[in-house]
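For reference, the structure is listed below as structure tokens.
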Amino acid sequence: MLFGAGCWDFYLNIIYETAFEIDGLPQIYLGTFVTFFWHIIKPFLIFFLTMIFVHLPFIIVLSLVQSKGITYENMWRAEIGVRLVLQILFTLGLFFFPMAILTIAIGRDIMMLRPDYILVPVFKALGPYIVVVALLIALCALEMQTHEFSYSDPIATGLSIARLGVNFAVQVLAIIAMRSIGLFYRHYNCHLLW
1319 MLFGAGCWDF
1329 YLNIIYETAF
1339 EIDGLPQIYL
1349 GTFVTFFWHI
1359 IKPFLIFFLT
1369 MIFVHLPFII
1379 VLSLVQSKGI
1389 TYENMWRAEI
1399 GVRLVLQILF
1409 TLGLFFFPMA
1419 ILTIAIGRDI
1429 MMLRPDYILV
1439 PVFKALGPYI
1449 VVVALLIALC
1459 ALEMQTHEFS
1469 YSDPIATGLS
1479 IARLGVNFAV
1489 QVLAIIAMRS
1499 IGLFYRHYNC
1509 HLLW
């Protein structure tokens, strides 16, 4: 699955190595039990903290309006007002997530998550950045179509093969999407403030 913890370090390495023209898939070193565990936890924390950062305005506004009965589950109703503001903030957080991950993958420092480091390159190279975001949207849409392999139904072998094919396609699209983030850095790093 795309969101397996071991894959995230691999994805960060793909971004980094693509950005610096290392044309090959990165190696993953397992090491001892402690380092293996750290290689699993560290990228998960990086992705999680990056997602928290880009959604910080959304989280703040949502926490302020929860006393009015608005929660994440019921904020998706089509209404003008606070719900629309929450929807826009959530979508903007997802839109800026690839640039935030690029900043972390290349800079290798969580302290580089600053609004000016994220916003300026996006608006100076908006067209190519939209292509990167579109690839990630396609990746997420394909990921939502995947299912786990089931041994319980031996008659549905064709269905299991199709599900395996979709899971494989997710991984291929994930590599392409992560390389596109690295290519964005390679071609548009003149717009980065760091």
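Numbering (my numbering), first residue to last: 1319 to 1512.
No residue lacks a Cβ here, since even glycine has one placed at the ideal position from N, Cα and C.
| Query | Result |
| --- | --- |
| Mapping DSSP to helix, strand and coil, what is Thr1350? | coil |
| Measure the C-alpha to C-alpha separation of Phe1502 and Thr1409 and round it to an integer number of angstroms. | 21 Å |
| Quick one: which unbroken alpha helix (DSSP H) runs of 4-plus residues sit fully inside the region 1421-1449? Chain order, please. | 1433-1442 |
| Rounded to the nearest angstrom, what separates Thr1464 and Leu1491 at their Cα positions? | 13 Å |
| Tell me the rounded alpha-carbon separation between Leu1510 and Asp1434. | 9 Å |
| My understanding is that Thr1350 touches Leu1431, with C-beta atoms under 8 Å, so please give their C-beta distance in whole angstroms. | 30 Å between Cβ atoms; not a contact. |
| Which residue's Cα is closest to the Cα of Leu1380: Glu1397, Met1462, Ile1359 and Val1403? | Val1403 |
| Any chance you could list the alpha helix (DSSP H) runs of at least 4 consecutive residues sitting entirely within the region 1469-1505, in chain order? | none |
| Short check: CB of Ala1443 to CB of Tyr1506, under 7 Å? | yes |
| Within 10 angstroms of its Cβ, does Leu1457 collect 16 or more other Cβ (buried), or is it exposed? | buried |
| What distance in whole Å lies between the Cβ atoms of Leu1407 and Phe1376, which are believed to be in contact at a cut-off of 8 Å? | 4 Å |
| Taking the alpha helix (DSSP H) that Leu1382 belongs to, which residues open and close that run? | Leu1374 to Val1383 |
| Excluding the five sequence neighbours on either side, which residues of its own chain have a C-beta within less than 8 Å of the C-beta of Phe1414, listed in chain order? | Val1372, Ile1436, Leu1437 and Val1440 |
| Would Leu1460 and Val1488 be called neighbours here (beta carbons separated by less than 7 Å)? | yes |
| For Val1449, which option in Met1496, Gln1384 and Ile1479 has the closest C-alpha, if you only look at C-alpha atoms? | Met1496 |
| Should Asp1427 go down as buried or exposed, given a rule of 16 or more other Cβ atoms within 10 Å for buried? | exposed |
| Using the Cα positions of Tyr1447 and Gly1500, report the straight-line distance between them to the nearest angstrom. | 11 Å |
| Between the C-alpha atoms of Gly1411 and Trp1394, what's the straight-line distance to the nearest angstrom? | 15 Å |
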